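Undergrad:
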Amino acid sequence: MEIIEEKNNEINIFKIKGRLDSKTSPEFEEKIVESSKDGAKNMIFDFKDLEYISSAGLRVILKATKEMKRTNGVIVLCSMQDYVKEVFEIAGFDTFLSIEETFDDALKKF
Amino acid sequence: MDTANLSLEFTNDLDELENLRRNVENFCKANGLTRRNAFALNLVIDEVFTNIVSYGFNDKKEHRIKIDLRIINGELTVRVEDDGVPFDPTAAPKTDLCCSIEDRKIGGIGLHLINQIVGEIIYKRVKDKNILVLKKCLDKK
């Protein structure tokens, strides 16, 4: 897994390449925690190149979303591949997460 | 009869996930599973394996986890055997999907995914071993 971090007008963008499983998810969690410690309030998780996600990845996203909600921040997810999106739906995460089709749609949420 | 078999063995280490994924993918390719089924199979096995490695052992010793895959006439059976602490996933509480995000539990997501993906789950404790059998009907090719 590879994480590319970018900043665009006060939005922290995380592009995840590869797989978010129990082995790789802790690294993603650390990056999110670091940037929220640095005061990040707005985040986009760009999943265009995310090939796979397990419950370990979902857990990181749930924790981050709870934390952001507490501090009045916003997380928007975008560009999910079909099977990845299906995992979010099966888990029922699509009901409380903001999931957009494209990166441009995600940007418009801020 | 259309049958396929694969027996795998791994140590209780999350580093094995990559090895596990490769083996499962090769099995799926060799048997012409759809991409959707291959993704689901990988996810289910990953969840079971991760659970065992994360919560199954109270010692620091190396343990073996056996995973058998079998397809008979379009039905996939996954059999997982480990010598960890007894854990019956069929007796675990169900996840509440309708609660608000504040109340949504961090745990139990993996088990929920397994329950949604497979058609049948059978658990047995035999001679200090957990034996979990998961069955799923595969998509028609």
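Here the protein sequences line up with chains A and B, keeping their order. Residues 0 to 109, numbered by numbering that gives the first Met the number 0, are exactly what the first sequence covers, in order. Residues 0 to 140, numbered by numbering that gives the first Met the number 0, are exactly what the second sequence covers, in order. Beta carbons: idealized from backbone N, C-alpha and C, even for Gly. Note that this is a predicted model, so its numbers are computed, not measured.
To the nearest angstrom, how far is the alpha carbon of residue 33 (chain A) from that of residue 46 (chain A)?
TA: Locating residue 33 (chain A) in the first sequence gives position 34, counting from the first residue. Locating residue 46 (chain A) in the first sequence gives position 47, counting from the first residue. One C-alpha to the other measures close to 20 Å.
Undergrad: Under 8 Å, do residue 83 (chain A) and residue 106 (chain A) count as touching if we go by C-beta distance?
TA: In the first sequence, residue 83 (chain A) corresponds to position 84, counting from 1. In the first sequence, residue 106 (chain A) corresponds to position 107, counting from 1. For residue 83 (chain A) and residue 106 (chain A), no; Cβs fall outside 8 Å.
Undergrad: Alpha carbon to alpha carbon, how far is residue 115 (chain B) from residue 138 (chain B)? Give it in angstroms, no decimals.
TA: The residue you call residue 138 (chain B) lines up with position 139 of the second sequence. The residue you call residue 115 (chain B) lines up with position 116 of the second sequence. The straight-line gap from Cα to Cα measures roughly 15 Å.
Undergrad: Does any residue of chain A bring its CB to less than 8 Å from the CB of residue 42 (chain B)?
TA: As a first step, residue 42 (chain B) must be located in the second sequence, where it is residue number 43. For residue 42 (chain B), the answer is yes, since a Cβ of chain A falls inside 8 Å of its Cβ.
Undergrad: Does the beta carbon of residue 90 (chain A) come closer than 8 Å to any beta carbon on chain B?
TA: Locating residue 90 (chain A) in the first sequence gives position 91, counting from the first residue. By this cut-off, residue 90 (chain A) is an interface position.
Undergrad: For the segment 4 to 15 of chain B, enumerate the residues whose C-beta is nearer than 8 Å to any C-beta of chain A, in chain order.
TA: Flagged, chain order: 13 and 14.
Undergrad: Would residue 113 (chain B) pass as a contact of residue 123 (chain B) if the rule is Cβ separation under 8 Å?
TA: For the purposes of this step, residue 113 (chain B) is taken as the residue at position 114 of the second sequence. For the purposes of this step, residue 123 (chain B) is taken as the residue at position 124 of the second sequence. Taking 8 Å as the Cβ cut-off, residue 113 (chain B) and residue 123 (chain B) do not qualify as a contacting pair.
Undergrad: Considering only residues of the same chain and omitting the five flanking positions on each side of residue 35 (chain B), which have a CB-CB separation below 7 Å?
TA: Residue 35 (chain B) sits at position 36 when you count from the first residue of the second sequence. So the list reads 138, once near-sequence residues are dropped.
Undergrad: Quick one, are the C-beta atoms of residue 135 (chain B) and residue 68 (chain B) less than 8 Å apart?
TA: Position 136 of the second sequence, counted from the start, is the residue given in the question as residue 135 (chain B). Position 69 of the second sequence, counted from the start, is the residue given in the question as residue 68 (chain B). Result no, Cβ atoms of residue 135 (chain B) and residue 68 (chain B) do not sit closer than 8 Å.
Undergrad: How many angstroms separate the CA atom of residue 80 (chain A) from the CA atom of residue 103 (chain A)?
TA: One-based indexing of the first sequence puts residue 80 (chain A) at position 81. One-based indexing of the first sequence puts residue 103 (chain A) at position 104. Going from the Cα of residue 80 (chain A) to the Cα of residue 103 (chain A) covers about 16 Å.
Undergrad: Could you give the residue range of the beta strand (DSSP E) that holds residue 85 (chain A)?
TA: Translated into positions along the first sequence, residue 85 (chain A) becomes position 86. First-last for residue 85 (chain A): 81 to 89, but that is the alpha helix (DSSP H), not the beta strand (DSSP E).
Undergrad: Is the segment 59 to 67 of chain B touching the segment 92 to 100 of chain B in the sense that three or more CB pairs, one from each, lie closer than 8 Å?
TA: With the cut-off at 8 Å, the segment 92 to 100 of chain B and the segment 59 to 67 of chain B do not touch.
Undergrad: Going by other Cβ atoms of all chains shown within 10 Å of its Cβ, with 16 needed for buried, is residue 6 (chain B) buried or exposed?
TA: In the second sequence, counting from the first residue as 1, residue 6 (chain B) sits at position 7. Result: exposed.
Undergrad: Measuring CA to CA, which of A:76, A:2, A:29 and A:55 is closest to residue 97 (chain A)?
TA: As a working note, residue 97 (chain A) is residue 98 in the first sequence. Comparing Cα-Cα distances from residue 97 (chain A) to each of A:76, A:2, A:29 and A:55, the minimum goes to A:76.
Undergrad: Identify the residues that DSSP records as bridge partners of residue 17 (chain A): which are they?
TA: Working through the first sequence from its first residue, we reach residue 17 (chain A) at position 18. DSSP lists A:49 as partners of residue 17 (chain A).
Undergrad: Where does residue 28 (chain B) fall in DSSP's three states?
TA: In the second sequence, residue 28 (chain B) corresponds to position 29, counting from 1. Helix at residue 28 (chain B).
Undergrad: Under a three-way DSSP split, which group does residue 18 (chain B) fall into?
TA: For the purposes of this step, residue 18 (chain B) is taken as the residue at position 19 of the second sequence. In the structure shown, residue 18 (chain B) sits in a helix (DSSP, three-state: H, G or I).
Undergrad: Alpha carbons only, please: which of B:57, B:2, B:44 and B:10 is nearest the one belonging to residue 54 (chain A)?
TA: As a working mapping, residue 54 (chain A) is identified with position 55 in the first sequence. Among B:57, B:2, B:44 and B:10, the Cα nearest to that of residue 54 (chain A) is on B:44.
Undergrad: Given 7 Å as the limit, tell me if residue 76 (chain A) has its C-beta closer than that to any heavy atom belonging to the ligand ATP.
TA: Although the ligand ATP was asked about, the structure shown includes no ligands whatsoever.
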